[in-house]
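The numbering used here numbers the first residue of the sequence shown as 23 and each following residue consecutively.
Here is the structure we will look at, set down as structure tokens.
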Amino acid sequence: MTESKHAEPDWERYGLQLQQPSKLSDADDILEDTDSDDNELFYEEQKSTLSKPWWKANFFLSERVLFGAWDGVFTSCMLNIFGIIIFLRTGWMVGNAGVGLSILIIFITLLVSTIGAMSSIGICERCKVESGGVYFLLNHVLGGQLAVAVGILYCFGQSVSCSLYTVGFGESISNLLQTSSNPWVARGFAIAALVLLTGINLAGVKWVIRLQLVLLFTIMIAAVDFIVGSFMPHNGVDGVLGYSTALLRNNTSPQYSNGESFFTVFGVFFPTACGVLSGINMSGDLRNPRKAIAIGTISATALSGTFYVIFVFVLGAIVERWALLSDFMISEKVSALGALWLIGLYVSSITSCMGGLYGAPRILQSIATSNNFPRPLSYLGMGKGANKVPVISLTVVALTSLLFICVGDVNFLAPIVTMPFLITYIAVDYAYFSLAMTADIKASASANNSTSGDIQPNSQNINKESHKELNSYGSLEETADTTKFQDTHEDTDDDLDHLFPERKLSKSMEAGHLLPGEKKENGSSSDIAEFHNELPESQHEIYRMEPSWYSRFCNRWFSLLGAVGTLAIMFATQWLYAIVSLIALALLYVYLVYTIPGAAPGIAQFSLIYWIRSCFGKKHPTNRQPHQVIVSQHSPLLTTAPAQLNDNNLDFSQRRPYHQSQLRPNEELPLCCDDN
Numbered sequence: 023m024t025e026s027k028h029a030e031p032d033w034e035r036y037g038l039q040l041q042q043p044s045k046l047s048d049a050d051d052i053l054e055d056t057d058s059d060d061n062e063l064f065y066e067e068q069k070s071t072l073s074k075p076w077w078k079a080n081f082f083l084s085e086r087v088l089f090g091a092w093d094g095v096f097t098s099c100m101l102n103i104f105g106i107i108i109f110l111r112t113g114w115m116v117g118n119a120g121v122g123l124s125i126l127i128i129f130i131t132l133l134v135s136t137i138g139a140m141s142s143i144g145i146c147e148r149c150k151v152e153s154g155g156v157y158f159l160l161n162h163v164l165g166g167q168l169a170v171a172v173g174i175l176y177c178f179g180q181s182v183s184c185s186l187y188t189v190g191f192g193e194s195i196s197n198l199l200q201t202s203s204n205p206w207v208a209r210g211f212a213i214a215a216l217v218l219l220t221g222i223n224l225a226g227v228k229w230v231i232r233l234q235l236v237l238l239f240t241i242m243i244a245a246v247d248f249i250v251g252s253f254m255p256h257n258g259v260d261g262v263l264g265y266s267t268a269l270l271r272n273n274t275s276p277q278y279s280n281g282e283s284f285f286t287v288f289g290v291f292f293p294t295a296c297g298v299l300s301g302i303n304m305s306g307d308l309r310n311p312r313k314a315i316a317i318g319t320i321s322a323t324a325l326s327g328t329f330y331v332i333f334v335f336v337l338g339a340i341v342e343r344w345a346l347l348s349d350f351m352i353s354e355k356v357s358a359l360g361a362l363w364l365i366g367l368y369v370s371s372i373t374s375c376m377g378g379l380y381g382a383p384r385i386l387q388s389i390a391t392s393n394n395f396p397r398p399l400s401y402l403g404m405g406k407g408a409n410k411v412p413v414i415s416l417t418v419v420a421l422t423s424l425l426f427i428c429v430g431d432v433n434f435l436a437p438i439v440t441m442p443f444l445i446t447y448i449a450v451d452y453a454y455f456s457l458a459m460t461a462d463i464k465a466s467a468s469a470n471n472s473t474s475g476d477i478q479p480n481s482q483n484i485n486k487e488s489h490k491e492l493n494s495y496g497s498l499e500e501t502a503d504t505t506k507f508q509d510t511h512e513d514t515d516d517d518l519d520h521l522f523p524e525r526k527l528s529k530s531m532e533a534g535h536l537l538p539g540e541k542k543e544n545g546s547s548s549d550i551a552e553f554h555n556e557l558p559e560s561q562h563e564i565y566r567m568e569p570s571w572y573s574r575f576c577n578r579w580f581s582l583l584g585a586v587g588t589l590a591i592m593f594a595t596q597w598l599y600a601i602v603s604l605i606a607l608a609l610l611y612v613y614l615v616y617t618i619p620g621a622a623p624g625i626a627q628f629s630l631i632y633w634i635r636s637c638f639g640k641k642h643p644t645n646r647q648p649h650q651v652i653v654s655q656h657s658p659l660l661t662t663a664p665a666q667l668n669d670n671n672l673d674f675s676q677r678r679p680y681h682q683s684q685l686r687p688n689e690e691l692p693l694c695c696d697d698n
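Have a look at this one:
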């Protein structure tokens, strides 16, 4: 009977295990919460759902599908970066700016977009990533009002970019049918493509990703066909002569058409890099956003930049300048099989538009579902299915694209697309700079509190010597009772740490925060490896970036220079569009400040104006007063005795004193678990 009464229950019968995990999971496992839940009651059910590859998922069941760095981020970024501008306007750019300045335009474009991408990657590495893409990053760091204002402009730029890509698609078909004299033929094909792609996005994210994989393969075949065709013999009738040193030398210098300049050509070409943030916009559909965004974005940018330079060099070396300036379809005559190049052209326009229709509605949905948006427009956040497809937001983006399709051509729409994206890059660059400076402010404050002689250490750092001094004051003395009480308290902490492993992670973060590429003056790089697996105490904390091959490029000063340089490029490209865009941003921000005064301020505590003023003032004022902090003991070392519940009197004296308490010595307090 005794053995059966105290027998251990069969935990395996209920899907539980007696075996505890041997060690804490690393930071990524805790964030993903998929590999450290072996003792959860419904782990088997979760495992059967989460571990299923996306290509084995059912098309028609509403189940959530998550993607990785290559099937999600790389594919989306590559299709948006390698867009229709490369196919239709690379020859025109070489004819105007020449080979040398065309490569410079490519370098500036990739530099601006790469700095913005690395800034966003740095924010993702140091903060908790949620759905919402660029808007979430700005909202988390800079606050709600500014994030909404920039997010709306970004969505507007994505909508106009959809118009740009579909109009380019329509122009290519119109030239193929020799009906380029009528602009409404091209616009009709553009409208048809927009309607088709909107329907594909409404079908769900799985259809979009599946289709993108096929389309990316098609574009790569078209690019290879163009390179192979450049080595084939040409008759020279269309201006394609073949590789010639003299021709390359003649096409190296610029020769602008009427009304064109370096910056106008740059404004037309820059939208090619606007898709570099498309991988960040799908953060809510990624398994591990922190790693997937970095690997996929950097890989797509590097590969696309390589193809950019190859296309410029090939066209400048084999095509005469008059053909480059007059024929937008000159690359089709260079390719080995014109049909493959045309397929790549059509696919690139479709995929670029698809990326805009995928990212912009989800950002608009995230804005509408937050508390930083006017309540009458909250219906834009409604979603359908397990992946919350933003139907209403997608409709708004599609209607905006439809409006601009009816307005202009590729050269007219490209500068309009450029300005919102440049503003977004400026905001992202400043957000990372502000985040890094905030981390230094917090680290400096923590160091001052721990090293200043005028400040007492906190309760968790009280050592035994200071505890002895405190107990020797007056009539208090350290006794065995005190030691026993402290040991029992430490045992309790160990038990809690064993039950809740995240307590250890939160305790380890109390030493401060630091960027990996930006060392402290009194620190070393070994501190980075010591804390690379640690998580913040909450989502509002800033924690260390995990050391990696790309983390050294996430530098605050690169971000600051990128923000200043991007602002200068805005005014140099189209100063009128730049002023209008900045005025629109300011009006949106002022409107949101007055309508939503209670929006979250963001985790950044850095003030750019105060920082600039402090750079010209005294860094260390002589009249600095030390802080006075009073810290209590670790625990109250008092002897407690419970009060007796019943008074001793003649009433009910015949009854036994059942409801009386017993006064126990202090040393027995931690062990009062018997029934007497």
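Glycine included, C-beta positions come from ideal geometry on N, C-alpha and C.
Alpha helix (DSSP H) containing residue i: first to last residue?
i    : result
L199 : It is not in any alpha helix (DSSP H) - L199 carries neither H nor E in the DSSP assignment.
E354 : I352 to V356
L101 : T97 to I103
C428 : Counting along the chain, C428 falls outside any alpha helix (DSSP H), and DSSP gives it neither H nor E.
V331 : P311 to I340
M376 : G360 to T391
I564 : First-last for I564: undefined, no H or E at that position.
V290 : F284 to F291
T617 : W597 to T617
M140 : I106 to R148
A626 : Per DSSP, A626 belongs to no alpha helix (DSSP H) and is neither H nor E.
A215 : P205 to A225
L270 : T267 to N272
In three-state DSSP terms, what is residue i?
i    : result
K406 : strand
T188 : helix
V259 : coil
P558 : Any answer about P558 is weak, because its pLDDT of 41 lies below 50 and its placement is not dependable; what the coordinates show is given next. It is coil, neither helix nor strand.
V411 : strand
E500 : Caution applies to E500, whose pLDDT of 43 falls short of 50 and renders its modelled position unreliable; the model cannot decide the point.
L160 : helix
T89  : It should be pointed out that residue 89 corresponds to Phe in this sequence rather than to Thr. DSSP places F89 in strand when its eight states are reduced to three.
Compute the Euclidean distance between the alpha carbons of residue i and residue j, then round it to the nearest angstrom.
i    : j    : result
Y447 : V250 : 36 Å
L219 : A295 : 21 Å
L537 : S196 : For L537, the pLDDT reaches just 46, beneath the cut-off of 50, and the residue's location in the model is therefore unreliable, although a value from the coordinates is still provided. Spanning the two alpha carbons is a distance of roughly 53 Å.
A585 : S603 : 16 Å
P383 : P255 : 47 Å
L693 : S305 : With a pLDDT of 48 at L693, under the threshold of 50, the predicted position of this residue should be treated as unreliable, and no value is reported.
V116 : G281 : 16 Å
P619 : F191 : 44 Å
M351 : A345 : 10 Å
L399 : T136 : 34 Å
G221 : S573 : 39 Å
S581 : G258 : 47 Å
G297 : S266 : 34 Å
L133 : G587 : 10 Å
D307 : F89  : 6 Å
L424 : Q627 : 41 Å
L492 : A467 : In this prediction, L492 has a pLDDT of 39, which is less than 50 and means its spatial position is unreliable; nothing more can be read from the coordinates.
I634 : I385 : 33 Å
Would you say residue i and residue j are within 9 Å of each other, going by their C-beta atoms?
i    : j    : result
L435 : V182 : yes
S371 : A244 : no
S185 : V429 : yes
G233 : M100 : Reading off the sequence, residue 233 comes out as Leu, not Gly. Contact: no.
L159 : V450 : yes
G144 : Y454 : yes
G327 : I315 : no
S388 : G173 : yes
G113 : D349 : yes
L444 : A600 : yes
Please confirm if residue i has its CB atom under 9 Å from at least one CB of chain D.
i    : result
E152 : The structure shown has no chain D; it contains just one protein chain.
Could you check if residue i belongs to the surroundings of the ligand MG, using beta carbon to heavy atom distance under 8 Å?
i    : result
T323 : Of the ligands one can find in the structure shown there are none, so the ligand MG has no counterpart to examine.
| said: Can you confirm whether the region 588 to 604 touches the region 285 to 292 when touching is taken to mean that 3 or more C-beta pairs between the two stretches lie within less than 8 Å? | reply: With contact defined as three or more Cβ pairs closer than 8 Å, the region 285 to 292 and the region 588 to 604 are in contact.
| Taking three-plus beta-carbon pairs below 8 Å as touching, is the region 411 to 420 in contact with the region 140 to 153? | They do not touch, by the three-pair rule.
| message | Three Cβ pairs or more, each shorter than 8 Å: is that satisfied between the region 335 to 352 and the region 232 to 240? | response | no
| Is the region 92 to 111 touching the region 317 to 333 in the sense that three or more CB pairs, one from each, lie closer than 8 Å? | yes
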